[in-house]
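Each residue of the sequence shown is one higher than the one before, counting from 8 in our numbering. Data block below; observations after.
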Amino acid sequence: MAAEYQEPDWRVIDYQTFCLDERLVDPSTHRPLCIRGPRPDELRRGEYAVFLGAAQTFGRFCQKPYPTLLGERLGLPILNISHGGAGALYFCLMKDALAKYVNEACFVVVQAMSVRSESNSLFESQGVGHYRRRSDGVLIGCDEAYADLLKMHWKWYVRRIVQETRSSWCHSYETLFSLIKVPKILFWFSEREPAYRDDYRSVQRLFSSYPQLVNADMIATIRRMCDDYVACVGPRGLPQTLFDRFSGERIMISDPWTSAPWPENWYYPSPEMHEDAAAALEPVCRRIIRSGRAA
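In structure tokens, the structure reads:
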């Protein structure tokens with residue numbers, strides 16, 4: 008969703024989006040994927056880093072997201088390959104074209120992304136937060152899909168679908184991690200800790216905060232497949248006031264995905280949270296770089 012964010016957010020941020028490779032086709036739009044810039048001048052094998060994630064890695068409403076900050080601290084070019092609403096399935100669906108970029112990097116950071124972007128027996132996903140309902144082929148948003156489930160079915164049935172979707176999430180991460188042959192870091196980036204209790208009283212309570220539906224057991228399952236695990240937790244800097252970068256005045260942003268304009272950013276990680284994320288990741292990334300050079 009890099010290109011999609013660019014237009015509504017233009018007066019706040021220039022995301023410097025660019026097409027990395029026409030063979031990297033966005034599975035949700037079937038068009039070449041545009042990723043967040045700035046475009047690196049050069050990518051030498053083993054001398055750049057890759058970051059895979061959703062809007063939190065992309066850095067909506069943030070001038071310098073954590074991949075950019077970390078690249079500056081480490082003196083490395085970076086590729087911020089991210090998409091709003093993405094899950095691991097999203098990257099699995101373009102794994103053949105993605106393999107070259109991840110496996111020529113010195114390390115890859117993979118964000119723990121939402122479960123909402125996974126398929127199950129009722130809904131088919133293309134790796135982002137909307138579905139095709141298997142029963143009739145109708146396209147439906149993830150919030151609407153789970154609201155209908157909660158309204159129309161007993162809790163035991165909804166719990167079964169949730170567990171099925173969580174299992175698919177773990178399988179997608181296993182597939183994605185098997186693609187990555189270089190050191191990989193699983194990154195938890197959220198306002199909350201992974202541990203939480205399911206609450207089936209509403210969609211909002213069920214999903215919890217980002218990454219929706221992901222719990223501690225799931226993180227324990229997939230972190231064993233990685234070389235390292237890093238967590239950055241906290242809401243520092245939220246809510247974030249949005250300013251027009253041309254006039255310096257406060258601004259409200261409207262987009263096609265939310266029902267009301269954004270007078271401030273209350274959902275996406277703030278610039279301060281991105282600074283915390285870069286600081287949390289830096290020691291692990293430096294250790295990987297040092298061990299690679301020593302080898």
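For glycine and all other residues, C-beta sits at the position ideal for the given N, C-alpha and C.
- Query: The beta strand (DSSP E) spanning S197 covers which residue range?
  - Reply: 191-197
- Item | Exposure of Y22, with buried meaning 16 or more beta-carbon neighbours within 10 Å | Residue environment: Y22 is assigned as buried (16 or more neighbouring CB atoms within 10 Å of its CB, all protein chains considered).
- Query: Excluding five sequence neighbours on each side, which residues of the same chain lie with their C-beta closer than 7 Å to the C-beta of W273?
  - Reply: L245, P246
- Message: Going residue by residue through the segment 132-170, where are the continuous alpha helix (DSSP H) segments of at least 4 residues, counting only ones entirely within it?
- Response: 149-159
- Task: Just mark W264 as buried or exposed, buried being the case when its beta carbon has 16 or more other beta carbons within 10 Å.
- Result: exposed
- Task: Spell out a yes or no on whether the segment 142-157 and the segment 196-205 are touching, meaning 3 or more CB-CB pairs, one atom from each, closer than 8 Å.
- Result: no
- Y275 (DSSP reduced to helix, strand or coil): coil
- Query: Whose C-beta lies closer than 8 Å to the C-beta of H281 among residues of the same chain, with five residues either side of it excluded?
  - Reply: Non-local C-beta neighbours of H281 in its own chain, meaning closer than 8 Å and more than five positions away in sequence, comprise G66, C69, K71, P72, Y73, L76, ordered along the chain.
- So who's on the other strand from F250, going by DSSP bridges? R257
- Sorted by chain position, which residues of the same chain lie with C-beta nearer than 8 Å to C113's C-beta, five sequence neighbours on each side aside? Excluding the 5 residues flanking it on each side, C113 has same chain C-beta neighbours closer than 8 Å at G53, E54, Y55, A56, L83, V189, P190, I295, I296, G299, in chain order.
- Query: Of the residues L59, L105, I20, R43, which one's Cα is nearest the Cα of S121?
  - Reply: L59
- Determine the DSSP secondary structure at P39, reduced to helix, strand or coil. Looking at P39 - three-state DSSP - the assignment turns out to be strand.
- Just to confirm, are L288 and I229 a CB contact at a threshold of 9 Å? no
- Kindly provide the ranges of any beta strand (DSSP E) runs that are 3 or more residues long and lie completely inside the segment 72-124, ordered along the chain. 85-89, 114-118
- Query: What residues in its chain sit with their C-beta under 6 Å from that of V109, if we drop five residues either side in the sequence?
  - Reply: In the same chain as V109, and ignoring 5 residues on each side of it, the C-beta atoms closer than 6 Å to its own belong to V57, V115, I187, in chain order.
- Query: Looking at the unbroken alpha helix (DSSP H) that takes in A223, where does it start and where does it end?
  - Reply: 223-230
- N-terminal and C-terminal residue of the beta strand (DSSP E) that F68 is part of: From DSSP, F68 is part of no beta strand (DSSP E); its letter is neither H nor E.
- Query: Under the three-state reduction of DSSP, which class applies to Y236: helix, strand or coil?
  - Reply: strand
- Task: Specify the secondary structure class of A288 as computed by DSSP and reduced to three states.
- Result: For the sequence presented, residue 288 should be read as Leu rather than Ala. In this structure, L288 counts as helix in the three-state DSSP scheme.
- Message: Just to confirm the assignment, what range does the alpha helix (DSSP H) spanning V19 have?
- Response: Premise fails: V19 is in no alpha helix (DSSP H) and is neither H nor E.
- Drop a sphere of 10 angstroms on the beta-carbon of D103, count the other beta-carbons inside from all chains shown, and report buried for 16 or more, exposed for fewer. exposed
- Can the beta-carbon of I168 be found closer than 9 Å to that of W195? no
- Give every residue of the same chain whose Cβ lies closer than 8 Å to the Cβ of L183, excluding the five residues on either side of it in the sequence, and list them in chain order. L59, A95, F98, C99, K102, V117
- Item | Inter-residue spacing [alpha-carbon to alpha-carbon] between L40 and L31 | If I take the Cα positions, the gap works out to 6 Å.
- Message: Please state the DSSP three-state secondary structure of A61.
- Response: coil
- Message: Across the segment 44-51 and the segment 240-259, are there enough close Cβ pairs to call them in contact, namely three or more that are closer than 8 Å?
- Response: no
- Compute the distance between the beta-carbons of L129 and L86, then report whether it is under 9 Å. No.
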